[in-house]
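S.K.:
2 protein chains.
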Amino acid sequence: ADPEAGRSLAAQCRTCHGLDGIARIPIAPHLAGENRIYIETQLKAFRSGKREHEMMSVIARDLSDEEISHLAAWYESIEITATMPE
Amino acid sequence: ADPEAGRSLAAQCRTCHGLDGIARIPIAPHLAGENRIYIETQLKAFRSGKREHEMMSVIARDLSDEEISHLAAWYESIEITATMPE
């Protein structure tokens, strides 16, 4: 899995998820720093129909296993911090 | 929606998702800073069966709309940063 290849593939994801994985629209999740296993599982679920979403089902349908692994590696490579309110 | 009420409710989520929303296990997503609309949509999907997961389907089944709104408000209240690799 090659995060750099994932970075260029993620051009198609950035409109909703952001290239840095911080969602640009409220109905899309953040992907920044997500574990690659989670991302691969969800993309394959959208591809197989186990999980459904009007946009993601269409986008995932044409993704190969290799492309999925690159995308997952890209988003996992983004460093995140989380700060709870006092 | 009350983030503080959500914080106490999130005690049942922290084993996998972390109280700060950074996942503790690779198959669970981060929830930190997620938009409350996304979280509410997913919890209601798990509750209705539109989305399925062996653990989440069971956990979500007993959540009320109000509890879901509190949990979503809690995780949304966590501040996150994302830093892309050079």
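Protein sequence lines, in the order shown, are assigned to chains A and B. For the first sequence, position 4 (counting from the first letter as 1) is numbered 4 according to the numbering used here, and the numbering increases by one without interruption. The number in the numbering used here is simply the position in the second sequence, starting from 1, with 100 added. Where a beta carbon is used, it is the ideal one built from N, C-alpha and C, also for glycine.
1) Between residue 139 (chain B) and residue 186 (chain B), what straight-line distance do the alpha-carbon atoms span, to the nearest angstrom?
2) Against residue 77 (chain A), what residues of chain B qualify as contacts under a CB-to-CB distance less than 9 Å, listed in chain order?
3) Within the same chain, show all residues whose beta-carbon is closer than 7 Å to that of residue 146 (chain B), passing over the 5 residues directly before and after it, in chain order.
4) Here's a check: name, in chain order, each residue in its chain whose Cβ is nearer than 8 Å to the Cβ of residue 33 (chain A), leaving out the five neighbours to either side.
5) Could you pull the DSSP bridge partners for residue 79 (chain A) from this structure?
6) In the structure shown, what three-state DSSP assignment does residue 129 (chain B) receive?
M.R.: Looking at the atomic coordinates:
1) The sequence position of residue 139 (chain B) within the second sequence is 39, counting from 1. The sequence position of residue 186 (chain B) within the second sequence is 86, counting from 1. Spanning the two alpha carbons is a distance of roughly 30 Å.
2) Numbered from its first residue, the first sequence carries residue 77 (chain A) at position 77. By Cβ distance, chain B contributes 184 and 185.
3) One-based indexing of the second sequence puts residue 146 (chain B) at position 46. Counting only Cβ-Cβ distances below 7 Å, and skipping sequence neighbours, we find 153, 156, 157 and 160.
4) Here residue 33 (chain A) refers to the residue found at position 33 when the first sequence is read from its first residue. Cβ neighbours of residue 33 (chain A) beyond the five flanking positions: 21, 75, 76, 78, 79 and 80.
5) For this step, residue 79 (chain A) is matched to residue 79 along the first sequence. According to DSSP, residue 79 (chain A) bridges with B:183.
6) The residue you call residue 129 (chain B) lines up with position 29 of the second sequence. Residue 129 (chain B): coil per DSSP, three-state reduction.
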